[in-house]
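Engineer: Residue numbers (the working numbering): 1 to 476.
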Ligand SMILES: Nc1ncnc2c1ncn2[C@@H]1O[C@H](COP(=O)(O)OP(=O)(O)OP(=O)(O)O)[C@@H](O)[C@H]1O
Ligand SMILES: [Mg+2]
């Protein structure tokens, strides 16, 4: 209630301000030091209050202090270190977060060469530029939200303790997008940044040879190009000599299906040794991998390994994605309902939006109406989920079928009673663990539930089978 009235008051006053006030000089930008201060304070505040400090939340706090307020878009710009903000907005944000804006915290954008905008993800370039190789990165568009993940990961990447960072999550949840933003944001701290796509799966020999060749060209050192026996050692030598950030995107391409999750495809087991070596050996670099499945590295979680599991985006961030499509027509409630159906998964949401544009004349309500009897997952989305399903071992497939019929999360003991009849205990527990590794099982406290998209896939498949069985047989 209070939040709503604050929001309304804020909208009114900002609108009035925009109409009547003279133009402010909007040529400031936060420096790396200023940004770091801000993000660290936000992180502390989130820990203390357990409330996510989104740009909107911060804008609302500012509004309580200063009736003129700041627009959430300006807050977002500031948090992302974008150019073109006015000094008053910087001061207000710092003030509301109980920080002092000091001289080294901000600069005139034109005079300050700052790290590239962290929300604009890198655009793939045709060639390798300078000390960075983004040639295998895909073209990414905007990234909304993920502020706490961004802050957390940036700190981990820079702390020099963590040598291997794993960004894990369901297909389309935004692993690659986040990794790209992080790599861009920290690139000034690294001598070399190299982005490698592991799709389609290159052997370690191919991947490492191309990394070493890139380094040879840039350093001018006479590095021996690797043979299959010394490639890891040669890479580690370089990671010791130079502070490098390597990103292996789509790591799941070198993992195999059919078995429990996290094992390596035949001929790719050397990736396990590579991850292990990077995590264990002393050096000053960092390897980030993005993967739908958590690879098996060592038996125990290592001190030098950090894993972040990404879930779907919260409602407000999904709403921002939707607001990129102003031609679509929908009420807030309809958008909310669509986002819920998509489980906050940006890829699924964007695909649904494309269907709405192409087949429903931009009307969200018509699409929701269609979903009452039609399928959320068709065409490419169904293929994506089907590929994930086909990778499961037979035990996991059985577990997935059983979990799909439950609306609410289950406790282990509830599930055991149900499953014990058909699957011996050691197998089902291992199966659940494997589903969790594949980002298909969510754990909350002692309870767990199947990923909503996989549940939708299974139920839509089962409905399809039922409809087929019940359909009147046609004489051909
Ligand atoms: N936070 C976000 N804001 C806006 N768009 C996003 C966000 N996260 C992801 N996207 C968009 O969603 C789509 C899927 O994201 P991305 O490719 O990063 O997913 P992924 O988790 O790497 O998927 P995969 O497992 O298939 O590699 C892309 O179009 C990306 O730009
Ligand atoms: Mg990806």
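Glycine included, every Cβ here is placed at the ideal spot set by N, Cα and C.
1) Tell me the DSSP bridge mates of residue 133?
2) Answer yes or no: do residue 457 and residue 377 have a C-beta to C-beta separation smaller than 7 Å?
3) With distances taken from each beta carbon to the nearest heavy atom of ligand 2, which residues come in below 7 Å, in chain order?
4) Ligand 1 and residue 171: does any heavy atom of the ligand fall closer than 6 Å to the residue's C-beta?
5) Exposed or buried, residue 144, counting other C-beta atoms within 10 Å across all chains shown (16 or more means buried)?
6) Apart from the five residues on each side of it in sequence, which residues of its chain come closer than 6 Å, Cβ to Cβ, to residue 305?
7) List, from N- to C-terminal side, the beta strand (DSSP E) runs of 3 residues or more that fit wholly inside the region 181 to 262.
8) Going by other Cβ atoms of all chains shown within 10 Å of its Cβ, with 16 needed for buried, is residue 326 buried or exposed?
9) Let me make sure I understand the geometry here. Which of 58, 285 and 236 has the alpha-carbon closest to that of residue 161?
10) Nearest by alpha-carbon distance to residue 78: which of 98, 310 and 31 is it?
11) Cutting at 8 Å between CB atoms, please list the residues of its own chain near residue 297, excluding the five before and the five after it.
12) Using 8 Å as the cut-off, can you tell me whether the region 171 to 186 makes contact with the region 146 to 155, which would need three or more C-beta pairs spanning the two stretches below that distance?
13) Between residue 176 and residue 249, which are expected to be in contact by the criterion C-beta below 8 Å, what is the C-beta distance as a whole number of angstroms?
14) Quick check: what's the CA-CA separation for residue 312 versus residue 221?
15) Taking the alpha-carbon positions, what's the residue 47 to residue 254 distance?
16) Would the region 395 to 406 and the region 343 to 363 be scored as touching if the rule is three or more Cβ pairs under 8 Å?
17) Out of curiosity, what's the CA-to-CA distance linking residue 455 and residue 439?
18) Counting Cβ pairs closer than 8 Å, one from the region 47 to 67 and one from the region 80 to 97, do we hit at least three?
19) Determine the extent of the beta strand (DSSP E) in which residue 379 is found, giving its start and end residues.
20) If we ignore side chains and look at the alpha-carbon of each, how far apart do residue 86 and residue 371 end up?
21) Tell me whether residue 143 counts as near ligand 1, meaning its Cβ is closer than 6 Å to at least one heavy atom of that ligand.
22) I need the straight-line Cα distance from residue 157 to residue 186, nearest angstrom please.
23) Provide the residue span of the alpha helix (DSSP H) that contains residue 290, from first to last.
24) Okay, do the region 70 to 77 and the region 33 to 50 touch, 3+ Cβ pairs below 8 Å being the bar?
25) Find out if the Cβ-Cβ distance for the pair residue 450, residue 403 is shorter than 7 Å.
26) Is it buried or exposed, residue 108, if we count other Cβ atoms within 10 angstroms and call 16 or more buried?
27) Could you tell me the alpha carbon to alpha carbon distance between residue 436 and residue 100, rounded to whole angstroms?
28) For residue 372, which three-state DSSP category applies?
29) What is the rounded straight-line gap between the Cα of residue 41 and the Cα of residue 59?
30) Is the distance from the Cβ of residue 61 to the Cβ of residue 96 below 7 Å?
31) Quick one: Cα of residue 212 to Cα of residue 235, how far?
32) Under 6 Å: does the beta carbon of residue 292 sit that close to some heavy atom of ligand 1?
33) Just to confirm before moving on: does the CB-CB distance between residue 291 and residue 252 stay below 7 Å?
34) Closest by CA to residue 410, which one among 428, 446, 302 and 381?
35) Name, in chain order, the residues that DSSP records as bridge partners for residue 443.
36) Can you tell me whether residue 171 is helix, strand or coil according to DSSP?
Structural biologist: If we stick to the structure as given:
1) 194
2) yes
3) 175, 176, 249, 250 and 290
4) yes
5) buried
6) 164 and 279
7) 192 to 197 and 244 to 249
8) exposed
9) 285
10) 31
11) 164, 272, 275, 276, 279 and 305
12) yes
13) 5 Å
14) 44 Å
15) 37 Å
16) no
17) 13 Å
18) yes
19) Careful: residue 379 lies outside any beta strand (DSSP E) and carries neither H nor E.
20) 46 Å
21) yes
22) 8 Å
23) Counting along the chain, residue 290 falls outside any alpha helix (DSSP H), though it belongs to the beta strand (DSSP E) covering 286 to 291.
24) no
25) yes
26) exposed
27) 44 Å
28) coil
29) 16 Å
30) yes
31) 7 Å
32) yes
33) yes
34) 446
35) 448
36) coil
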